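Undergrad:
Number of protein chains: 2
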Amino acid sequence: MSTQTARKDAPSTSKGRATRDRIVAAAADLMYRHGAAGTSTPALRDAAGVSSSQIYHYFADKDDLTRAVIAFQTQAILANQTPLLAKLDSLNALNAWRDVVIDAAREHGGTGGCPLGSLSSELSDHNPQARTALAASFTAWAAAIREGLLGMVGNGTLRPETDTDRLALALLAAVQGGLLLAQAQHTTGALEAALDTVIAHIHDQATPR
Amino acid sequence: MSTQTARKDAPSTSKGRATRDRIVAAAADLMYRHGAAGTSTPALRDAAGVSSSQIYHYFADKDDLTRAVIAFQTQAILANQTPLLAKLDSLNALNAWRDVVIDAAREHGGTGGCPLGSLSSELSDHNPQARTALAASFTAWAAAIREGLLGMVGNGTLRPETDTDRLALALLAAVQGGLLLAQAQHTTGALEAALDTVIAHIHDQATPR
DNA sequence: CTAAGATTGGATCGTCAAATCCACTTCTGG
DNA sequence: CCAGAAGTGGATTTGACGATCCAATCTTAG
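As given, the protein sequences belong to chains A and B, one line each in that order.
If you want the working numbering, it's the position in the first sequence, counting the first as 1, plus 32.
If you want the working numbering, it's the position in the second sequence, counting the first as 1, plus 32.
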């Protein structure tokens, strides 16, 4: 017997699709605020305004739903980040990105952390499928950052030998670590320190002029 | 009626203390591997070799136990880190610390993450007492790092105007973010990139010679 | 040595969550 | 328009977990 979780077919009617979407959106919200384990099917049922059977009509089990939430949040974050990162054409643009990240964290006083980071911390060790999906999400996010840095190399802002791969990973780790600390300390101090330190190092890699 | 969780008195006999310690140690291990929510009292009962009533004899409820585990892990981490950080007298010593952190992560393939980081991600938003304790733990950890950097300022390795506070926070965030990503990606790449980038920036702050 | 208090074992209770079932209604392709 | 598939509602089953109770045993101060 396989331990693999079965996949459900996509809804074939538009009504079905709407219901499925409503469930995923509500689940994403609840899981962001209470964690995956902290989100019960009764609570989700009420939040999404569906009956319990709908949830299991569209998702094989809670793991399957969780994976849908990961996909949803990945998409949300990339959609939010990619435009900002695509036009990283100057050190100023990099600082603007920094400000957006920090302002977002400040808005809810550090609470919540990163939607992907929280899920990753909770699920990676015990849900291999979730872990794989989250690893891919982080890789895609890092790639988007790297793309931005590559732009800065391309237009001569950064030296050609700049290790954009490494810097992208360092920036992503700074975001994740900074958000995690913000969650505990209710301050964005660590997030700012981490981002500013990495960015300062990037400044030092700028082409002399 | 108060929502505050009552504190239990410390055990008065040495046997009682041993039992309490055994419970905390087993709980710390289980919570590290399965999270706080993922650690059930039956599982803890078996792992610690006690009966369920013991747990509630020594701890008011699961929250109280969780706080004890936070204290336990904080103590464990500080005991492990402080000696290393106390003798940060050179850039080489800083790199040695980096190696220890990375080797530790590599040892279990990134699994588990940081005991404090994982608990923080899980508890900060919903358990104010745990959040406060964890915030204090992180502050103490950052202070230990800063102490080491101050040593390097004191002996002239780093410039006097070095912002050790900020760098300490940046290093801690790099550790937390790097470990979180290592958990998802099963690689220490991001951890290395983050630490090396911050450390490279510290190198640049070294006094010219 | 001996009571008072500390500690222990394990049955038990109430609650709640995950998942299933089945009867009913709404869609939609031909 | 009308079968048959898709979608819906809600009761229900099953099992686990946090927490409590109480009787029995050990520890220690006097």
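Ideal Cβ positions, reconstructed from N, Cα and C, are used throughout, including at glycine.
No experiment lies behind these values; they were computed from the predicted model shown.
With a 10 Å radius around its C-beta and 16 neighbouring C-beta atoms as the bar for buried, classify M33/B as buried or exposed.
TA: Any reading at M33/B must be qualified, since the residue scores a pLDDT of 37, below 50, and its modelled position is unreliable; no value is offered.
Undergrad: Determine the closest residue to D228/B out of C146/A, L201/A and L117/A, with distance taken between C-alpha atoms.
TA: Among C146/A, L201/A and L117/A, the Cα nearest to that of D228/B is on L201/A.
Undergrad: Using a beta-carbon distance below 9 Å, is Q105/A in contact with chain B?
TA: no
Undergrad: Listing by chain order, which chain B residues have their CB less than 7 Å from the CB of D236/A?
TA: D236
Undergrad: Nearest-angstrom Cα distance between C146/A and H218/A?
TA: 14 Å
Undergrad: Please compile the residues from chain A whose C-beta is within a distance smaller than 9 Å of the C-beta of D157/B.
TA: R65, H66, G67, T143, G144, G145, S150 and Q215
Undergrad: Does V8/B come within less than 9 Å of chain A when only Cβ atoms are used?
TA: Only positions 33 to 241 of chain B appear in this structure, which leaves residue 8/B out of reach.
Undergrad: At a Cβ cut of 9 Å, what residues of the segment 220–232 of chain A count as close to chain B, listed as they run along the chain?
TA: G221, A222, L223, E224, A225, A226, L227, D228, T229, V230 and A232
Undergrad: Look at the alpha carbon of Q107/B and the alpha carbon of I231/B, and state the distance between them as a whole number of angstroms.
TA: 26 Å
Undergrad: Could you check if A50/A is buried or exposed, using at least 16 other CB atoms within 10 Å of its CB as the buried criterion?
TA: exposed
Undergrad: Which ranges would you report for the alpha helix (DSSP H) in the segment 82–157 of chain B if only whole runs of at least 4 residues count?
TA: 84–90, 94–118, 123–139 and 147–155
Undergrad: Taking Cβ positions only, does F91/B come closer than 9 Å to chain A?
TA: no
Undergrad: With 9 Å set as the bound, which would you pick, yes or no: does the beta-carbon of V185/B sit closer than that to a beta-carbon of chain A?
TA: Chain A, which has no Cβ nearer than 9 Å to the Cβ of V185/B, makes this no.
Undergrad: Please go through the same chain and pick out, in chain order, the residues whose beta-carbon is closer than 8 Å to the beta-carbon of D95/A, but skip the five residues on each side of it.
TA: Within its own chain, the residues whose Cβ lies closer than 8 Å to the Cβ of D95/A, once the five positions on either side in sequence are excluded, are T37, N159, Q161 and A162, listed in chain order.
Undergrad: Out of L190/A, A118/A and Q86/A, which one is the CA nearest neighbour of G48/A?
TA: Q86/A
Undergrad: In the DSSP assignment, the alpha helix (DSSP H) including T238/A goes from what residue to what residue?
TA: For the sequence presented, residue 238/A should be read as Ala rather than Thr. In this chain, A238/A is not harboured by any alpha helix (DSSP H), its DSSP state being neither H nor E.
Undergrad: Hey, is T35/B's beta-carbon within less than 9 Å of any beta-carbon in chain A?
TA: Low per-residue confidence applies at T35/B: pLDDT is 45, beneath 50, and the placement is therefore not dependable enough to give any value.
Undergrad: Can you give me the C-alpha to C-alpha distance between G144/A and R52/A, rounded to a whole angstrom?
TA: 24 Å
Undergrad: Residues of chain B with CB closer than 8 Å to the CB of S153/A, please, in chain order.
TA: Listed by position along chain B, the residues whose Cβ is nearer than 8 Å to that of S153/A are G145, G149, S150, S153, E154, L212 and Q215.
Undergrad: Relative to the alpha-carbon of N187/A, which residue among W129/A, L110/A, A238/A and Y64/A has its alpha-carbon at the smallest distance?
TA: A238/A
Undergrad: Report all residues from its chain with a CB closer than 8 Å to the CB of F91/B; omit the five preceding and five following residues, and keep chain order.
TA: K40, I55, L97 and A100
Undergrad: So, using beta-carbon positions, are E154/B and G149/A closer together than 9 Å?
TA: no
Undergrad: Let me confirm a value: H140/B is counted as buried when at least 16 other C-beta atoms fall within 10 Å, else exposed. Which label applies?
TA: exposed
Undergrad: Quick check: the Cα distance between T35/A and D93/A, rounded to an integer number of angstroms?
TA: Confidence at T35/A is low in this model, with a pLDDT of 46, below 50, so the placement of that residue should be treated as unreliable; the coordinate-derived value is given next. Straight-line Cα distance between these residues: approximately 12 Å.
Undergrad: Would V207/A be called buried (16 or more neighbouring beta carbons within 10 Å of its own) or exposed?
TA: buried
Undergrad: If you draw a straight line from the alpha carbon of A75/A to that of T45/B, how long is it in whole angstroms?
TA: 45 Å
Undergrad: Mind checking the segment 185–210 of chain B against chain A and listing, in chain order, the residues whose C-beta falls within less than 9 Å of any C-beta there?
TA: Only those residues of the segment 185–210 of chain B whose C-beta falls short of 9 Å from the nearest C-beta of chain A are listed: D195, D197, R198, L199, A200, L201, A202, L203, L204, A205, A206, V207, Q208, G209 and G210.
Undergrad: Going by alpha carbons, who is nearest to D78/A out of S169/A, F104/A, G180/A and A59/A?
TA: A59/A
Undergrad: Run through the DSSP bridge pairs and tell me what L190/B is partnered with.
TA: DSSP lists A238/B as partners of L190/B.
Undergrad: In this structure, how does DSSP classify H66/A when only helix, strand and coil are distinguished?
TA: helix
Undergrad: Would you please state the rounded distance, in angstroms, between the beta carbons of R138/A and T220/A? I believe it to be under 8 Å.
TA: Distance from R138/A to T220/A at the Cβ level is roughly 5 Å; contact confirmed, criterion being Cβ atoms closer than 8 Å.
Undergrad: P74/B lies in the alpha helix (DSSP H); which residues open and close that run?
TA: T73 to A80
Undergrad: What first and last residue would you give for the alpha helix (DSSP H) that runs through D41/A?
TA: That residue, D41/A, is in no alpha helix (DSSP H); it is neither H nor E in DSSP.
Undergrad: State yes or no: is the beta carbon of L126/B nearer than 9 Å to at least one beta carbon in chain A?
TA: No, its Cβ sits nowhere closer than 9 Å to a Cβ of chain A.
Undergrad: Can you name, in chain order, every residue of its own chain whose Cβ lies under 8 Å from the Cβ of R103/A, other than the five neighbours on each side?
TA: Sequence check: residue 103/A is Ala here, not Arg. Only A165 meet the Cβ criterion.
Undergrad: Whole angstroms is fine: what's the gap from L116/A's alpha carbon to L182/A's?
TA: Pairing L116/A with L182/A, the inter-Cα distance amounts to about 14 Å.
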